[in-house]
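Enquirer:
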Amino acid sequence: MRRRSPRRISAAVGKAVGVVLVLVFSLFPFYWMLSTAVDPNPLGRGASWLPTGFTLKNFRFVLVDAGFLDYVKNSAIVALGTVLISGAIALLAAVAVARFRFRLRTQVLILVLLVQMVPLEALVIPLFLQARNLHLLNSMLGLIIVYLAFSLPFAIWNLRGFVAAVPKELEEAAYVDGANWLRMFRSILFPLVAPGLVATSVFSFITAWNEFIFALTFMQDSSKYTVGVGLRSFFTQNTANWGAVMAASTIIALPVVIFFVLVQRNLASGLTQGAVKG
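Counting from 1 along the sequence shown, just add 144 to a position and that's the residue number in the numbering used here.
(1) Just to confirm, is the Cβ distance from V222 to M284 under 9 Å?
(2) Flag this pair as yes or no: are the beta carbons of F212 and I350 separated by less than 9 Å?
(3) Tell me whether the beta-carbon of V337 lies closer than 9 Å to the beta-carbon of L235.
(4) Please go through the same chain and pick out, in chain order, the residues whose beta-carbon is closer than 8 Å to the beta-carbon of M328, but skip the five residues on each side of it.
(5) Under 9 Å between C-beta atoms, does A359 make it to chain B?
(6) My output table needs one value for A397: the three-state DSSP class, helix, strand or coil.
(7) What is the DSSP secondary structure of A160, counted as helix, strand or coil?
(8) Tell me the residue span of the alpha helix (DSSP H) that contains E316.
(9) Cα separation between L187 and I357?
(10) Measuring CB atoms only, is the stretch 375-386 touching the stretch 147-165, in the sense that at least three cross pairs come out at less than 8 Å?
(11) Smallest Cα separation from V389: which of F172, V157, T180 and P173?
(12) Go through the stretch 318-366 residue by residue and report every complete run of the beta strand (DSSP E) that reaches 3 residues or more, in order.
(13) Is the separation between the beta-carbon of S348 and that of S295 shorter than 9 Å?
(14) In whole angstroms, give me the CA-to-CA distance for N385 and R276.
(15) Quick check on the burial criterion: 16 or more other C-beta atoms within 10 angstroms. Buried or exposed for Y175?
(16) CB F306 to CB G340, shorter than 9 Å?
(17) According to DSSP, is V420 part of a helix, a strand, or is it coil?
(18) With C-beta atoms as the reference, is L280 less than 9 Å away from F362?
(19) Enumerate, from N- to C-terminal direction, the unbroken alpha helix (DSSP H) stretches of 4 or more residues contained entirely within the stretch 264-289.
(20) What does a CB cutoff of less than 7 Å around I332 pick up in its chain, not counting 5 residues either side in sequence?
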């Protein structure tokens, strides 16, 4: 066997070091959050890399005494509702702009992009007034509608690329075989664009799960707070319960990690795999 040249060895070592550094910088905040959550004395820990001990009292306080599970339930309802509705609407809209020709088609796509450029802070007051007039304040449905307004533009634009990449010949072959549009959509088009639908679902889920400003503004009843707003309850004017804050932050991060693990296989799949499934 040939010996590897010094250049190849140094390149492999450099890549390995780079991967390790990226993993350290990516995972260290999560480690610090989790280690502080199980630390019995987080304020006395200082800059130590290791916790002073191990305890689950912070998690017990957050879940039992503070009632944080209610906030998790509210966020789950809002996030899953946003994912399901935005996925269905975005897929149909993407098929429309990618397959059909109609007036102002280009202008519609440009408008979709322009919506993404508007700062969220600039829309808080107008959307609050509109939700008040429609009696949607303090309502999960109203919060879902607001999140749809922000997740749909990206979802439509992203799915449009997946739909446009599907060869039209596949659809024409399905029509020749006697399939109607619904059968073609279910058996041909949907499996091919499923990876894009999963990617947009991840974006919509993270957006709805982590959002804070609109949840704080629209939800006036503490029993309907989401996790972002509920986390604020562990901060007081002069201090913060850092053990509870880190425990609650860990609980907030877990559903996102679990959701990503469940869909990561579909994120890596391509159009060819979708064609085989169809």
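Just so it is clear, CB atoms sit at the ideal spot from N, CA and C, and this is done for glycine as well.
Expert: From the atom records:
(1) The residue labelled residue 222 in the question sits at position 78 within the sequence shown. The residue labelled residue 284 in the question sits at position 140 within the sequence shown. For V222 and M284, yes; Cβs fall inside 9 Å.
(2) Residue numbering aside, residue 212 sits at position 68 when the sequence shown is read from its first letter. Residue numbering aside, residue 350 sits at position 206 when the sequence shown is read from its first letter. Going by C-beta atoms, F212 is not nearer than 9 Å to I350.
(3) Taking the first residue of the sequence shown as 1, we reach residue 337 at position 193. Taking the first residue of the sequence shown as 1, we reach residue 235 at position 91. Contact flag set, yes.
(4) One-based indexing of the sequence shown puts residue 328 at position 184. Excluding positions up to five away in sequence, the list reads E315, A318 and Y319.
(5) Here there is only one protein chain, and chain B is not present.
(6) For the purposes of this step, residue 397 is identified with residue 253 of the sequence shown, where counting begins at 1. Of the three classes helix, strand and coil, the one that applies to A397 here is helix, per DSSP.
(7) The residue you call residue 160 lines up with position 16 of the sequence shown. DSSP places A160 in helix when its eight states are reduced to three.
(8) Against the sequence shown, residue 316 aligns to sequence position 172. From DSSP, the alpha helix (DSSP H) with E316 extends over K312 to V320.
(9) The count along the sequence shown starts at 1 and reaches residue 187 at position 43. The count along the sequence shown starts at 1 and reaches residue 357 at position 213. Using only the alpha carbons, I get a separation of about 29 Å.
(10) Because the criterion of three Cβ pairs below 8 Å is not met, the stretch 375-386 and the stretch 147-165 do not touch.
(11) Counted from its first residue, the sequence shown places residue 389 at position 245. Looking only at F172, V157, T180 and P173, the smallest Cα-Cα distance to V389 is reached by T180.
(12) Fully enclosed beta strand (DSSP E) runs of no fewer than 3 residues are not present anywhere in the stretch 318-366.
(13) Mapped onto the sequence shown, residue 348 falls at position 204. Mapped onto the sequence shown, residue 295 falls at position 151. Yes, Cβ-Cβ distance for S348 and S295 is below 9 Å.
(14) In the sequence shown, counting from the first residue as 1, residue 385 sits at position 241. In the sequence shown, counting from the first residue as 1, residue 276 sits at position 132. It is roughly 34 Å from the alpha-carbon of N385 to the alpha-carbon of R276.
(15) By one-based count along the sequence shown, residue 175 stands at place 31. Label assigned to Y175: exposed.
(16) Reading the sequence shown from its first residue, position 162 is the one you call residue 306. Reading the sequence shown from its first residue, position 196 is the one you call residue 340. Yes, they are a contact pair.
(17) Walking along the sequence shown from the start, residue 420 turns up at place 276. With a pLDDT of 40 at V420, under the threshold of 50, the predicted position of this residue should be treated as unreliable, and no value is reported.
(18) Position 136 of the sequence shown holds residue 280. Position 218 of the sequence shown holds residue 362. Yes. Within cutoff.
(19) The DSSP assignment places 268-277 as complete runs of the alpha helix (DSSP H) inside the stretch 264-289, in order along the chain (cut-off: 4 residues).
(20) Translated into the one-based positions of the sequence shown, residue 332 becomes position 188. Sequence-distant partners of I332 (beyond 5 residues in either direction) whose C-beta falls short of 7 Å from its own C-beta, in its chain, are L314, E315, A318 and G422.
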